[in-house]
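Letter 149 of the sequence shown, counting from 1, is numbered 149 in UniProt numbering, and no numbers are missing. Just so you know, even glycine gets a beta-carbon here, dropped at the ideal spot from N, CA and C.
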Amino acid sequence: MRTLETILILASLLSFLTDASLLPRSALASRPRLSPGGWAPFRRKKEVHVGELPKYFHEPDGNKALHHYDTRYHHRELPYDDKQDTQLHLIRSYLEYFQKHGMETWLAHGTLLGWWWNAKLLPWDWDIDTQVSVATLRFMAEKHNSTKYTYVSSLDTEFDPATSKQVPVTRTYHLDVNPAIYTRYRNSGDNVIDARWIDVRNGLYIDITGVAETMPKESPGIWTCKNYHKYKSRELWPMRETIYERVVAKVPYAYERIITGEYGERAIIMEEYEGHRWSPVDHVWYKKNKADEKIELTEQMEARKKKQDQKVEKLNKEYEEEKKKLIEGEGERKAKEDRAREEAEERAAGGGRESSKDRAVERRSFTGNILLSQAAAELQQSERQSS
Ligand SMILES: *[C@@H]1O[C@H](CO)[C@@H](O)[C@H](O)[C@H]1NC(C)=O
1 MRTLETILIL ASLLSFLTDA SLLPRSALAS RPRLSPGGWA PFRRKKEVHV
51 GELPKYFHEP DGNKALHHYD TRYHHRELPY DDKQDTQLHL IRSYLEYFQK
101 HGMETWLAHG TLLGWWWNAK LLPWDWDIDT QVSVATLRFM AEKHNSTKYT
151 YVSSLDTEFD PATSKQVPVT RTYHLDVNPA IYTRYRNSGD NVIDARWIDV
201 RNGLYIDITG VAETMPKESP GIWTCKNYHK YKSRELWPMR ETIYERVVAK
251 VPYAYERIIT GEYGERAIIM EEYEGHRWSP VDHVWYKKNK ADEKIELTEQ
301 MEARKKKQDQ KVEKLNKEYE EEKKKLIEGE GERKAKEDRA REEAEERAAG
351 GGRESSKDRA VERRSFTGNI LLSQAAAELQ QSERQSS
């Protein structure tokens, strides 16, 4: 028994040491390119920190809003409209770039939810999320890492102060691939984002995460990212080609199951969210303004008051009913007592009646006897007379 245990421990130690994350880059490069088995396995239960690299992408410290900027390009917090405009061109340029280079990418998380509603970004969302397969991720690392891409919008123009003319929106984006992509362990969670597409003007970015078939032998057809999101092959592929923010895009095959699995049914039903209201007429999420909020607050207060009034009314009704029941109960008790008393009286009176009844019966038989004896005497007398 002991030897078997030793063998098992040695075997697991050996597999541990041959993990991709512990091997030099040259050894990694010699692995078959598109084989999912070439990626270090995924172990959720044992939170092992294998070959962990320092955190690669950095966000400014401070409040949560700052987490949406890449430190290298962050100068200031953007107002709502600038954020919307930045994100619009982030996703358009990204989708265009990936399409142009034949790299398959698809919408994920809140970005996919936005597609479900109206094929647009959710206006309150600071995150933009896309996914790629690890094969694409490796290709990105090898062929496109550190690209600074200049995008010229074919859809939008903006005012150029230098020339005082409307010119196509032109921006530069930085594609940066995390060197920690070669291990698929979550580890501390510092490197769960595999790549970023960053607006170099202000540091807002798209988070790109890879999904790998991390345990092809134990769980074939199960794809996971480093942050434990899980998909079946048939949920992802074949991808559906669609439009997002007026650009060609892809969504996973079973998009609705993925969305409701992640956010619940509420996410595709609720028409108010984070200070925005869905317009079923325009198919747009509108940001609620101060006046809307004021009206809403009054409505809420009125609704609350109404609810309270209803509660009081209900309590009063319950109280009245309880009281009525008590009174009825009292009446019933009295009636019962009366009935019992009457019965007792009847019984007492009935005793007399019974004896008079008896007496009546006795009297009747006595009378009968008298009558009989009388008749008999008369008969005897007549017989005597006749003889
Ligand atoms: C991508 O490039 C950066 C330098 O710009 C480098 O630090 C990083 O390690 C590279 N990523 C990969 C996966 O090689």
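Say yes only if the C-beta of proline 54 is nearer than 6 Å to one or more non-hydrogen atoms of ligand 1, and no if none qualify.
Your numbering for residue 54 matches position 54 in the sequence shown. No, since every heavy atom of ligand 1 falls outside the 6 Å radius drawn around the Cβ of proline 54.
Inter-residue Cα distance where the pair is arginine 257 and threonine 147
Against the sequence shown, residue 257 aligns to sequence position 257. Against the sequence shown, residue 147 aligns to sequence position 147. Their backbone Cα atoms lie some 35 Å apart in a straight line.
Is the closest heavy atom of ligand 1 to the C-beta of alanine 141 under 6 Å?
Along the sequence shown, one-based indexing puts residue 141 at 141. Answer for alanine 141: yes, Cβ within range of ligand 1.
Endpoints, beta strand (DSSP E) assigned at leucine 155:
Residue mapping note: residue 155 aligns to position 155 of the sequence shown, counting from 1. From DSSP, the beta strand (DSSP E) with leucine 155 extends over 147-160.
Would you decide whether arginine 138 is buried or exposed? Buried here means 16 or more other CB atoms lie within 10 Å of its CB.
As a working note, residue 138 is residue 138 in the sequence shown. Looking at its Cβ environment, which holds 16 or more other Cβ atoms inside 10 Å, arginine 138 is buried.
For arginine 92, count neighbouring C-beta atoms within 10 Å of its own C-beta (all shown protein chains included) and say buried if the count is 16 or more, exposed if not.
Taking the sequence shown and counting its residues from 1, the one referred to as residue 92 is at position 92. It is buried - the Cβ of arginine 92 has at least 16 other Cβ atoms within 10 Å.
Taking 6 Å as the cut-off, does the CB of serine 146 come closer than this to any heavy atom belonging to ligand 1?
Here residue 146 refers to the residue found at position 146 when the sequence shown is read from its first residue. Result yes, Cβ under 6 Å from ligand 1.
Any heavy atom of ligand 1 closer than 6 Å to the Cβ of phenylalanine 161?
On the sequence shown, residue 161 is found 161 positions in, with the first residue counted as 1. A small fix is needed here, since residue 161 is proline in this sequence, not phenylalanine. Proline 161 Cβ: outside cutoff for every heavy atom of ligand 1.
DSSP three-state label for tryptophan 115, please.
Locating residue 115 in the sequence shown gives position 115, counting from the first residue. DSSP places tryptophan 115 in helix when its eight states are reduced to three.
Is the region 230-237 touching the region 159-172, taking contact as three or more C-beta pairs under 8 Å?
no
Write down the C-beta distance between glycine 275 and tryptophan 117 rounded to the nearest angstrom, noting that I regard them as a contact closer than 8 Å.
By one-based count along the sequence shown, residue 275 stands at place 275. By one-based count along the sequence shown, residue 117 stands at place 117. With a Cβ gap of about 16 Å, glycine 275 and tryptophan 117 do not count as contacting.
Determine the direct distance from the alpha carbon of glutamate 296 to that of asparagine 289, and round the result to whole angstroms.
Numbered from 1 along the sequence shown, position 289 holds the residue referred to as residue 289. Numbered from 1 along the sequence shown, position 296 holds the residue referred to as residue 296. Their backbone Cα atoms lie some 11 Å apart in a straight line.
Between Asp292, Thr86, Tyr263 and Leu95, which lies nearest to glutamate 241 when the distance is taken from Cα to Cα?
As a working note, residue 241 is residue 241 in the sequence shown. The shortest C-alpha separation from glutamate 241 is found at Leu95.
What residue range is occupied by the uninterrupted alpha helix (DSSP H) comprising valine 134?
Reading the sequence shown from its first residue, position 134 is the one you call residue 134. Start and end: 134-139.
heavy atom of ligand 1 below 6 Å from valine 177 C-beta:
As a first step, residue 177 is located in the sequence shown; it is residue number 177 there, counting from the start. For ligand 1, at least one heavy atom lies less than 6 Å from the Cβ of valine 177.
Suppose contacts are defined by Cβ-Cβ distances below 7 Å. Is isoleucine 181 in contact with leucine 90 by that definition?
One-based indexing of the sequence shown puts residue 181 at position 181. One-based indexing of the sequence shown puts residue 90 at position 90. It is not a contact, given that the beta carbons lie outside the stated cut-off.
Which residues does DSSP pair with histidine 174 in a beta bridge?
Residue 174 sits at position 174 when you count from the first residue of the sequence shown. In DSSP, histidine 174 forms a bridge with Lys148 and Ile198.
In chain order, which continuous runs of the alpha helix (DSSP H) of length 4 or greater are located wholly inside the region 241-275?
255-263
Whole angstroms is fine: what's the gap from residue 414's alpha carbon to glycine 210's?
Here the chain covers residues 1 to 387 and nothing more, so residue 414 does not appear.
Threonine 86: first and last residue of the uninterrupted alpha helix (DSSP H) it sits in
The residue you call residue 86 lines up with position 86 of the sequence shown. From DSSP, the alpha helix (DSSP H) with threonine 86 extends over 80-100.
For threonine 130, the three-state DSSP class (helix, strand or coil):
The residue labelled residue 130 in the question sits at position 130 within the sequence shown. DSSP places threonine 130 in strand when its eight states are reduced to three.
CA-CA distance, methionine 215 and valine 281?
Here residue 215 refers to the residue found at position 215 of the sequence shown. Here residue 281 refers to the residue found at position 281 of the sequence shown. Cα to Cα, the separation comes out at about 47 Å.
Looking at isoleucine 128 and threonine 105, is the spacing between their C-beta atoms short of 7 Å?
Here residue 105 refers to the residue found at position 105 when the sequence shown is read from its first residue. Here residue 128 refers to the residue found at position 128 when the sequence shown is read from its first residue. Taking 7 Å as the Cβ cut-off, threonine 105 and isoleucine 128 do not qualify as a contacting pair.
Distance CB(alanine 212)-CB(arginine 184) smaller than 7 Å:
Working through the sequence shown from its first residue, we reach residue 212 at position 212. Working through the sequence shown from its first residue, we reach residue 184 at position 184. In this structure, arginine 184 lies closer than 7 Å to alanine 212 by Cβ.
Mapping the DSSP letters down to three states, classify arginine 277 as helix, strand or coil.
Looking up residue 277 in the sequence shown gives position 277. Correct three-state label for arginine 277: strand.
Under 8 Å by Cβ, that's how I've got alanine 65 and glutamate 77 pegged, so tell me the actual separation to the nearest angstrom.
To locate residue 65, count along the sequence shown from 1; it is residue 65. To locate residue 77, count along the sequence shown from 1; it is residue 77. At roughly 6 Å, the Cβ-Cβ gap stays under 8 Å, so alanine 65 and glutamate 77 are in contact.
Residue range of the unbroken beta strand (DSSP E) whose run includes isoleucine 206
As a working mapping, residue 206 is identified with position 206 in the sequence shown. Taken as a continuous stretch (DSSP letters only), the beta strand (DSSP E) holding isoleucine 206 covers 205-211.
With distances taken between CB atoms, is the gap from leucine 121 to alanine 267 smaller than 7 Å?
As a position in the sequence shown, residue 121 is number 121, starting the count at 1. As a position in the sequence shown, residue 267 is number 267, starting the count at 1. Going by C-beta atoms, leucine 121 is not nearer than 7 Å to alanine 267.
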